[in-house]
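Quick note: the sequence shown uses the numbering used here, first residue 8, plus one each step.
Following: one structure in structure tokens, then a few remarks.
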Amino acid sequence: MFRDRLAQLQDHIQAIIRKLTHRGMVPAMWLTIGLSCLIGVAAGCGAAAFTILIETVSHLTVGPTLDRVTQHPSWNLLLLATPALGMLFVSWFTRRFAPEAQGHGVPEVIVAVARRDGVIRPRVSIVKILASAISIGTGGSVGREGPIVQIGSAVGSVFGQWFKLSARNIKVLVAAGAAAGISATFNAPLAGVIFASEIILGSFVAESLTPIVIASVVADVVQIRIGEHGLDPAFRHLTFSYEGDWGQLPGYFALGIVCGLAAVLFTKLLYATEDFSERLLPKWWMRALVLGLVVGAAGVAYPRLPPTISRTTQDRLASGHESLPPLFGVGYGVVDHAVHLTNDGIDDFAPDQVRLERGDLLKELWWLLPLVFLKPLMTSITLAGGGSGGIFAPSLFIGASVGASFGLLCNLFVPGVSAHPGVYAIVGMGAVVAGTTHGVLSAILIVYEMTNQNSIILPIMIAAGLASVVARLIDPESIYHKKLSRRGETIARGHEMHYLEHIMVRDVMLRQFPTVKQDDDVNEIIRVARSNPTIESLPVMNPEGFLIGIIRPEDLHRVLDSDVPPHLIQAEDIALKAPVSVSPDENLLEAIRDFGTRDIETLPVEVGSGKSRRLIGLLLRADVMRRYREEMLSSH
């Protein structure tokens, strides 16, 4: 009865909306903007509820055990088993009700936008919030931002489907939900907007920004009213600054490179652990049990408290509230400790700061440095065992650990030109996030908004940019896209490029085209080029009719600017040798990547191989992009 009445109400509302939109009284964009406000409210409330749920699970499972461990060490056995029990339940729960809720969440949102017109099943948000809360609350070494992004995106998708919006507007609402999730999680509305555009949509489109901005701002307002941070940034009482000291710049460049390598290590370790565990433990329950015990053992064995602690930490311990083990849960306690490390000699430092004497540097280093390797391993094991949670917070954790360790080493060996270790921790956070996600702008802004430190934005920009470049050079796929490509779903940057997958090269290639012979001089090449102004690059053929190279406009300009007479230079002397060629049976998305490997505007199309190889056409970049625009317009 209730379902019938709900369906009738839905049909009635949809009929009213169709009348209003079709008559032009309410443009579809205004409806999308109105829904983005509701999405912001839902995401803000959802983020607060999710945090409360995690804390509740933690207080019911890990909390009582921690209270007894100091008096009765045998309780460590129960603490060790808690992550395994959580993983067992979460793995069964997600497999039973919503398999797409497994893992770290963001890749599923990306593929929903790129391939499924933004459609996400309603039950995903419910399953994800419960599974992730249990996984994190029982000690799983994962983050909470991925689940909240997936939850917010699912809410946006459901609203769009419920109101029968176009596929384009549903995608915008999905991105708005993702932005709202990031905004509410980190008190970072601007970073939420950039994350949704840069990572989820894959492009910045002006008409999509307004709903995304509104959802992000509304979610942050809700978080301010009911969340844990209020108006404060996530990490408070920071007094660091960067005053343009040239001596510190090499350190930030070096840190960017190190963080890029750390990001690649995390990405490769994440999926290598998944593959290895599936081979070693073929049954899902075996993986959950064994890998959960590994996480539990690491949490029990690792020293719970750093060698030096702040006044705030001392007060918390004095009141009886012990912190979680460093490798359990989100790990923001470790991040908070790392960013507050200072070796300042003044006495009136902020209560959250940890002032280090010379002898404390080495102690802190030995506590933080192992976490650089253990955190990515524990996160990888948690997800391989069936846990549910994000990889964004672990990236922040790894970045803070790498940065703080780097800063401690700098202060040990080159103290005269080194900043506080906490500064390097903040910079490292942004750099590792940029390296894992390949979202440089998102990484810079989220760390800026979490710390509210205007003065160190320049070091963050340097390190994040370098880390992203290093990571892309080693592996062109981000940690999110790697998961999709492993299951055969390749998503291009600018996700709507997938329209090109269904168009073959033979449908777009130029079948009538000019060529030049390998012994033609420059004067002849210029004559052919002027006769065919629409073709930028000319194929060079040998006497047997085989392609030996391509002559680009810049090749001609370089020769004409030289002192050598044009009639003395032949085509084979200036041609780009061994050009990338494509098959007529490739799709245009694959061809776009071939354009990117060499700086050319024209790709030769060849069939056959060896001596049977022959040139049958030319593929122009301009023709590919024109076809892409046509497909985009026809789809909307």
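Yeah, the Cβ is synthetic: ideal placement off N, Cα and C, and Gly gets one too.
Query                                                                                                           : Result
Own chain, CB closer than 8 Å to Glu637, minus 5 neighbours either side, in chain order                         : none
Glu456, enclosing alpha helix (DSSP H) - first and last residue                                                 : Val447 to Thr458
Helix, strand or coil at Leu655 [DSSP, three-state]                                                             : Past the boundaries of the shown model lies residue 655; the chain is included only from 8 to 643, so the question cannot be answered.
Cutoff 8 Å; reference Val126; Cβ partners in own chain excluding five residues on either side                   : Ala119, Ser164, Gln168 and Ile177
Opening and closing residue of the beta strand (DSSP E) in which Arg621 lies                                    : Arg621 to Leu627
Glu543 to Gly556 span [Cα, whole Å]                                                                             : 14 Å
Those runs of the beta strand (DSSP E) which lie wholly inside the stretch 518–583 and span at least 3 residues : 545–548 and 554–558
Local conformation of Ser148 per DSSP, three classes                                                            : coil
For Asp124, the three-state DSSP class (helix, strand or coil)                                                  : coil
The stretch 280–299 touching the stretch 415–426, judged by at least three CB pairs closer than 8 Å             : no
Ser139 and Gly429 closer than 8 Å at C-beta                                                                     : no
Continuous beta strand (DSSP E) stretch holding Val477: start and end                                           : Not the beta strand (DSSP E): Val477 falls in the alpha helix (DSSP H), residues Ile464 to Ile481.
CB-CB length for Val587 against Ile558, believed under 8 Å                                                      : Incorrect: roughly 15 Å between the Cβ atoms, too far for contact.
Alpha-carbon spacing of Leu368 relative to Val220, whole angstroms                                              : 43 Å
Glu613, enclosing alpha helix (DSSP H) - first and last residue                                                 : Segment Thr609 to Val614 is the beta strand (DSSP E) holding Glu613; no alpha helix (DSSP H) there.
Proximity of Val439 and Gly406 at Cβ, strictly below 8 Å                                                        : yes
Alpha helix (DSSP H) runs wholly inside the stretch 64–117, at least 4 long, in chain order                     : 69–76 and 83–104
CA nearest to the CA of Pro310, picked from Asp562, Gly263 and Pro332                                           : Pro332
The stretch 438–457 touching the stretch 398–412, judged by at least three CB pairs closer than 8 Å             : yes
Beta-bridge pairing of Met5 - partner residues as DSSP gives them                                               : Residue 5 is absent from the structure shown; the chain starts at 8 and stops at 643.
Residue burial classification, Ile59 (beta-carbon count within 10 angstroms, cutoff 16)                         : exposed
Ser395, DSSP secondary structure in three states                                                                : strand
Buried/exposed call for Asn539, threshold 16 Cβ in 10 Å                                                         : exposed
Arg493 versus Ile207, Ser132, Ala279 and Lys171, residue with shortest Cα-Cα distance                           : Ala279
Continuous alpha helix (DSSP H) stretch holding Lys489: start and end                                           : Ile486 to Arg493
Status (buried if at least 16 other CB within 10 Å, exposed otherwise) for Val647                               : Only positions 8 to 643 of the chain appear in the structure, and residue 647 is not among them; the question remains open.
In DSSP terms, what Val440 is bridged to                                                                        : BP columns for Val440 are empty, so no partner.
Strand pairing of Val589, partner residues [DSSP]                                                               : Val612
CB contact flag (Gly93, Gly299, <8 Å)                                                                           : yes
Residue range of the alpha helix (DSSP H) that includes Arg311                                                  : It is not in any alpha helix (DSSP H) - Arg311 carries neither H nor E in the DSSP assignment.
Where Glu496 falls: helix, strand or coil (DSSP)                                                                : coil
Cβ-based neighbour list, Phe413, same chain, cut-off 6 Å, excluding 5 preceding and 5 following                 : Leu262 and Tyr431
Buried or exposed by the 16-neighbour rule on C-beta atoms within 10 Å, applied to His427                       : buried
Rounded separation between Ala121 and His488 - CA only                                                          : 12 Å
Cβ contact (3+ pairs, closer than 8 Å) linking the stretch 48–59 and the stretch 183–198                        : yes
Backbone CA spacing between Phe202 and Ser619 [nearest angstrom]                                                : 49 Å
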